[in-house]
Amino acid sequence: MPSNSPTETPDGKLFVVATPIGHMEDITLRAIRTLKEVDLIAAEDTRQTQKLLTRYNISTPLVSYHDHNKKKRTPELVHKLKAGRSVALVTDAGTPSISDPGYYLIREAVREAISTVPIPGASAAIAALSISGLPTDSFIFIGFVPRKPAKRKQLLDELKEQRRTLVFYESPKRVLGLMREILNVMGNRKAVLARELTKVHEEILRGPLSAVLKELSARSFLKGEFTLLVAGREGVPEIDHKSVLDDIKRLRHEQDRSLSDVVKEIARQYNVSRKLVYEQALKLEKNGKSW
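No gaps in the numbering here: position 199 of the sequence shown is 198 in numbering that gives the first Met the number 0, and each next residue is one more.
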């Protein structure tokens with residue numbers, strides 16, 4: 000019967016522990032027990048995590064793990080795990096690896112076949128969705144958008160045809176800019192802005208995106224953590240792609256019109272985006288069926 004030799008040490012476990020996003024009582028009994036029992040806690044912000052540990056009388060040693068030291072710290076933690084130590088990974092607030100550097104350590108642990116154990120709990124995205132009033136049966140979590148304007152615009156363009164609820168995270172400094180860009184690219188959709196969820200100054204703003212933006216823009220100072228939910232595109236009908244292709248060919252041949260004019264005409268006729276029609280036209284050319 001196979002067994003470990005006396006010189007072998009079973010790998011430790013990496014516990015991915017969700018912590019409160021604001022209210023200190025939003026932590027599970029299992030999370031508290033895990034934080035007490037592990038050998039080490041890797042925290043994005045040790046000062047913030049220490050407040051939680053003090054609240055629940057947890058004396059487990061802390062080590063920092065964040066964006067600026069993850070490349071150096073990851074091998075150290077993996078080494079400890081391979082040596083049989085147990086490590087809990089926590090973020091500032093919420094669930095590790097969701098828009099934070101925790102994924103880097105988890106990825107390496109998976110590569111090394113180290114057991115990773117989820118200890119679920121609070122998440123700002125799920126909390127906001129639960130009270131939003133927007134469809135929650137299907138959604139897309141975006142998190143923080145790229146800071147570079149071109150990449151941000153590209154992302155929003157890719158998302159504008161989605162029918163699913165979109166979930167963004169943003170800082171006080173950039174939330175107004177993000178809302179303006181979404182309004183410009185996607186139009187005046189239903190939106191929900193959740194600020195400081197579960198904290199003393201929790202606030203939920205609902206309405207057309209333009210109205211929420213106007214309300215926020217009128218304030219002299221913005222503070223807190225923002226979760227922005229934007230409704231997916233409504234009224235996108237299911238279309239017969241063969242009919243679209245046939246109409247593209249017909250209009251081009253019968254009326255000798257430019258591709259741009261044909262795309263506009265069919266997009267209006269089927270009530271779909273020009274992008275979708277243009278993609279169908281490209282398929283025709285790719286298949287050697289151009290005009």
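Glycine is no exception: its CB is placed at the ideal position from the N, C-alpha and C atoms.
Owing to the predicted nature of the structure, the values given are computational and were not obtained by experimental measurement.
Leaving out five residues before and five after residue i in sequence, what residues of the same chain have Cβ atoms less than 6 Å from its Cβ?
i: residue 119; result: 17
i: residue 116; result: 12, 14
i: residue 266; result: 273, 276
i: residue 282; result: none
i: residue 23; result: 54
i: residue 159; result: 184, 185
i: residue 70; result: none
i: residue 137; result: 163
i: residue 63; result: 45
i: residue 193; result: 127, 203, 226
Beta carbon of residue i, beta carbon of residue j: below 7 Å?
i: residue 73; j: residue 104; result: yes
i: residue 261; j: residue 250; result: yes
i: residue 19; j: residue 121; result: yes
i: residue 111; j: residue 77; result: yes
i: residue 113; j: residue 80; result: yes
i: residue 139; j: residue 167; result: no
i: residue 195; j: residue 204; result: no
i: residue 108; j: residue 13; result: yes
i: residue 38; j: residue 106; result: no
i: residue 187; j: residue 209; result: yes
i: residue 178; j: residue 155; result: no
What does the alpha-carbon distance come out to for the pair residue i and residue j?
i: residue 56; j: residue 34; result: 10 Å
i: residue 242; j: residue 256; result: 18 Å
i: residue 94; j: residue 48; result: 13 Å
i: residue 15; j: residue 147; result: 31 Å
i: residue 11; j: residue 51; result: 24 Å
i: residue 264; j: residue 277; result: 11 Å
i: residue 202; j: residue 161; result: 27 Å
i: residue 127; j: residue 226; result: 7 Å
i: residue 235; j: residue 172; result: Low per-residue confidence applies at residue 235: pLDDT is 48, beneath 50, and the placement is therefore not dependable, though the value from the model is reported in the following sentence. Distance between the alpha carbons of residue 235 and residue 172: 34 Å.
i: residue 151; j: residue 25; result: 33 Å
i: residue 222; j: residue 258; result: 49 Å
i: residue 176; j: residue 218; result: 14 Å
i: residue 233; j: residue 124; result: 22 Å
i: residue 97; j: residue 88; result: 12 Å
i: residue 224; j: residue 129; result: 17 Å
i: residue 82; j: residue 68; result: 21 Å
i: residue 200; j: residue 149; result: 34 Å
For the candidate residues the options, whose alpha-carbon lies nearest to that of residue i?
i: residue 144; options: 126, 132, 129, 170; result: 170
i: residue 231; options: 185, 225, 244, 273; result: 185
i: residue 92; options: 197, 217, 228; result: 197
i: residue 183; options: 204, 125, 153; result: 153
i: residue 102; options: 190, 193, 65; result: 65
i: residue 157; options: 136, 181, 174; result: 181
i: residue 59; options: 174, 36, 220; result: 36
i: residue 220; options: 193, 174, 199, 189; result: 174
Going by beta carbon distance, what residues of the same chain come within less than 8 Å of residue i, once the five residues before and after it are set aside?
i: residue 134; result: 163, 164, 230, 231
i: residue 279; result: 240, 243, 244, 247
Enumerate in chain order the residues of its own chain whose CB-to-CB distance from residue i is below 7 Å, with the five nearest sequence positions on each side excluded.
i: residue 99; result: 43, 90
i: residue 61; result: 40, 42, 45, 48, 49
i: residue 131; result: 191, 228
i: residue 75; result: none
i: residue 189; result: 133, 207, 230
With a threshold of 6 Å (Cβ to nearest heavy atom), would residue i be considered close to the ligand GDP?
i: residue 116; result: The model depicted lacks the ligand GDP and carries no ligand whatsoever.
Comparing the C-beta of residue i with each C-beta of chain B, is any distance below 7 Å?
i: residue 157; result: Of the protein chains in the structure, only one exists, and it is not chain B.
What residues match up with residue i in a beta bridge as DSSP calls it?
i: residue 376; result: No answer is possible for residue 376: the residues shown for the chain start at 0 and end at 290.
i: residue 102; result: Beta-bridge pairing links residue 102 to no other residue.
i: residue 93; result: 18
i: residue 12; result: 114
i: residue 63; result: 42
i: residue 264; result: Looking at the DSSP assignment, residue 264 forms no beta bridge with any residue, so it has no partner.
i: residue 86; result: 13, 39
i: residue 168; result: 226
i: residue 163; result: Per DSSP, none; premise fails for residue 163.
i: residue 231; result: Paired residues: none, contrary to the question.
i: residue 291; result: Given a span of 0 to 290 for the chain in the structure shown, any question on residue 291 remains unanswerable.
i: residue 194; result: 202, 225
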